[in-house]
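Please read the structure below before turning to the comments.
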Amino acid sequence: MNLNEVQMQNLLAEHIEALIAGKADAEALLANYALPLESRAGQLLLLAERLFVGMPEIKPSSEFVARLHDELVGASPLTILARLRQIQSEIQGLGLGLGALQGLQLPNLASLQEIIPNLQLKSNLQLDRSIDRFRHMPRYYQLAAGLTLTAGVVLFASRRTRESLSALLAAAQQQYQAGEEHVVDVPSVEISA
Amino acid sequence: MSSYNERDYAIASETDLIGWAREGDKQAFGELYQQYVNRIYNYFYYRTGNQPDAEDLTTRVFMRAMAHISNYDERGVPFSAWLYRIAHNLIANWHRDNSRRKVIPLDDYVTSHLQPDAPEAIVEQNEEEAHLLDSIRYLPEERQQLLFLKFVERLSNAEIGTIMNRTEGAIKSLYHRTLSSLHDDLMARGIGPIKSVLGRKRSQRTKNNHE
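Written out as structure tokens, the structure reads:
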């Protein structure tokens, strides 16, 4: 006996519901239509049973679950990173491009200050000194700082975890400390919740 | 309206949790998160085939859900279906951006289950499962989603229809076509006839891959 389309659909639906309920009996269901397990219908039922057994649940790590929970309920201080990760990829790409431009232009920061008079109106003697010292650093230090900033923006835009940010900040700090005679008092950037 | 200190999130109903979350109670949303994070992660792991993307997409789902919880209407779709819809939209964008259609990392699955000294029957069975999962990888996206929601999440046709925005009848039809194409592909690979595998407890198949 060949099943029509509707009969086949109903048989498969009944079988999977029985599977989920733990009461599946493919032979008994097929017996209603006088069909053996080797029939087309029987083979589809057995395939469903194979899928039911063969697709395991994959659980996330407890560390990830706990970390995301803390970010959601506001217990984690790096919620800004979490918010950045949900930005659409197109906007992240735009941020990447702008960040790359900014990073590569960092050695010209002092020139920018001259172009934009408003920057000079802000009385921040320490910032002025820092920018001036930065401007007199060797070119390769300036370029390294610019590339470091660019890399930092790339990491934000690539939707990596906060561990990448920590590693970047540590690397940047090491980079500055490596050239002790050219240490710059760059204002720290704090990421607040 | 109860104050935050009076709320017992662990025993509250989903309706209460959703209501509190809509009022801005993050702890309530955190409880909802705990109830669904495994399922959403599982969904993404099957759809992306790797842990980092699954974690990233899972994060996006819950961030987006929390941001838009005030727009959620419980009278429309169940909360789980709402989450899956968000997840479905994200995975569609992910596939578009990555042009990949992995289900799970097949090599990890195979090597974790194949036993060199196992009886021939067990080895043969594992190889058949490997072929089966490999066939799943080449199914269209919606059929992969159907198989996941049906066999991993064990959702009813009605629930799946809500998530995939289809009628129950359409899901039954899609289920039939999916099994048929999978069967035909396995036959083409020389895997057949399909033998019964019931008797192996499904609970033994749960994997804590990423601990």
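For the protein sequence lines, the chains are A and B, in the order given.
Going letter by letter, the first sequence gives residues 1 to 193 in the working numbering.
Going letter by letter, the second sequence gives residues 1 to 211 in the working numbering.
C-beta: ideal position from N, C-alpha, C; glycine also.
**OP:** Run down chain B in chain order and give the residues with a C-beta less than 8 Å from the C-beta of A:Q43.
**Re:** In the first sequence, residue 43 of chain A corresponds to position 43, counting from 1. Correct list: H183, G192, P193, I194.
Original post:
On the three-state DSSP scale, how would you describe B:I194?
Top reply: Within the second sequence, numbered from 1, the residue matching residue 194 of chain B stands at position 194. DSSP places B:I194 in coil when its eight states are reduced to three.
Original post:
From A:R139 to A:A151, what does the alpha carbon distance come to, in whole angstroms?
Top reply: By 1-based counting over the first sequence, the position of residue 139 of chain A is 139. By 1-based counting over the first sequence, the position of residue 151 of chain A is 151. Rounded to whole angstroms, A:R139 to A:A151 spans 18 Å at the Cα level.
Subject >> is_contact[A:K59, chain B] using C-beta, thresh 7 Å >> reply: For this step, residue 59 of chain A is matched to residue 59 along the first sequence. For A:K59, the answer is yes, since a Cβ of chain B falls inside 7 Å of its Cβ.
Subject >> C-alpha gap between B:A10 and A:K59, whole angstroms >> reply: The residue labelled residue 10 of chain B in the question sits at position 10 within the second sequence. The residue labelled residue 59 of chain A in the question sits at position 59 within the first sequence. Taking the straight line joining both Cα atoms gives about 21 Å.
Original post:
Can you check whether the CB of A:I16 is closer than 7 Å to the CB of B:R154?
Top reply: As a first step, residue 154 of chain B is located in the second sequence; it is residue number 154 there, counting from the start. As a first step, residue 16 of chain A is located in the first sequence; it is residue number 16 there, counting from the start. No, they are not a contact pair.
**OP:** Label B:A158 either buried or exposed according to how many other C-beta atoms from any shown protein chain fall within 10 Å of its C-beta, with 16 as the threshold for buried.
**Re:** What you label residue 158 of chain B is simply residue 158 of the second sequence in a count that begins at 1. B:A158 is exposed by the Cβ-count criterion.
**OP:** Quickly, what does DSSP pair B:I18 with across the bridge? List them, please.
**Re:** As a first step, residue 18 of chain B is located in the second sequence; it is residue number 18 there, counting from the start. B:I18 is not bridged to any residue.
Original post:
Going by the CB atoms, is the gap between A:L12 and B:H176 shorter than 7 Å?
Top reply: Residue numbering aside, residue 176 of chain B sits at position 176 when the second sequence is read from its first letter. Residue numbering aside, residue 12 of chain A sits at position 12 when the first sequence is read from its first letter. Going by C-beta atoms, B:H176 is nearer than 7 Å to A:L12.
**OP:** Run the CB neighbour count on B:S13, radius 10 Å, all protein chains shown included, and call it buried at 16 or more, exposed below.
**Re:** By 1-based counting over the second sequence, the position of residue 13 of chain B is 13. Classification of B:S13: exposed, given that the 10 Å Cβ count is below 16.
Original post:
Expressed to the nearest angstrom, what Euclidean distance is found between the alpha-carbon atoms of B:E142 and B:S135?
Top reply: For the purposes of this step, residue 142 of chain B is identified with residue 142 of the second sequence, where counting begins at 1. For the purposes of this step, residue 135 of chain B is identified with residue 135 of the second sequence, where counting begins at 1. B:E142 and B:S135: Cα-Cα distance of roughly 14 Å.
Original post:
What are the complete alpha helix (DSSP H) segments, minimum 4 residues, inside the stretch 122 to 150 of chain B?
Top reply: 141 to 147
Original post:
Hey, is B:Q27's beta-carbon within less than 7 Å of any beta-carbon in chain A?
Top reply: For this step, residue 27 of chain B is matched to residue 27 along the second sequence. Closer than 7 Å to some Cβ of chain A, the Cβ of B:Q27 qualifies, so yes.
Original post:
Of all the options B:I171, B:G30, B:L174, B:M164, which has the alpha carbon lying nearest to the alpha carbon of B:N89?
Top reply: Along the second sequence, one-based indexing puts residue 89 of chain B at 89. With respect to the C-alpha of B:N89, the residue from B:I171, B:G30, B:L174, B:M164 having the closest C-alpha is B:M164.
Original post:
Are the C-beta of B:A10 and some C-beta of chain A separated by less than 7 Å?
Top reply: To locate residue 10 of chain B, count along the second sequence from 1; it is residue 10. Not closer than 7 Å to any Cβ of chain A, the Cβ of B:A10 fails to qualify, so no.
Original post:
Which residues, in chain order, does the stretch 10 to 39 of chain A contribute to contact with chain B at a C-beta distance below 8 Å?
Top reply: Under the 8 Å Cβ criterion, the stretch 10 to 39 of chain A contributes N10, L12, A13, I16, E17, I20, A24, A26, L37, E38.
Original post:
Are the C-beta atoms of B:L83 and some chain A residue less than 7 Å apart?
Top reply: Against the second sequence, residue 83 of chain B aligns to sequence position 83. So, not an interface residue.
**OP:** Taking C-beta pairs closer than 8 Å, name the residues in chain B that A:H136 reaches, listed in chain order.
**Re:** By one-based count along the first sequence, residue 136 of chain A stands at place 136. Near A:H136 there are no residues of chain B at all, since even the closest Cβ is about 42 Å away, more than 8 Å.
Original post:
B:G30 CB to nearest chain A CB: under 7 Å?
Top reply: Counted from its first residue, the second sequence places residue 30 of chain B at position 30. Yes, contact with chain A.
Original post:
Relative to the alpha-carbon of B:F29, which residue among A:A145, A:H69, A:D132 has its alpha-carbon at the smallest distance?
Top reply: Within the second sequence, numbered from 1, the residue matching residue 29 of chain B stands at position 29. Nearest option by C-alpha distance: A:H69.
Original post:
Within 7 Å (strictly less), CB to CB, does B:T48 reach chain A?
Top reply: What you label residue 48 of chain B is simply residue 48 of the second sequence in a count that begins at 1. Chain A contact via Cβ: absent.
**OP:** Take A:N4 and list the residues in its own chain whose beta-carbon comes closer than 6 Å to its own, dropping the five residues that flank it on each side.
**Re:** Locating residue 4 of chain A in the first sequence gives position 4, counting from the first residue. Cβ neighbours of A:N4 beyond the five flanking positions: none.
Subject >> Chain-ordered neighbours of B:M66 on chain A, where CB pairs are closer than 7 Å >> reply: What you label residue 66 of chain B is simply residue 66 of the second sequence in a count that begins at 1. Residues of chain A passing the Cβ test: L72.
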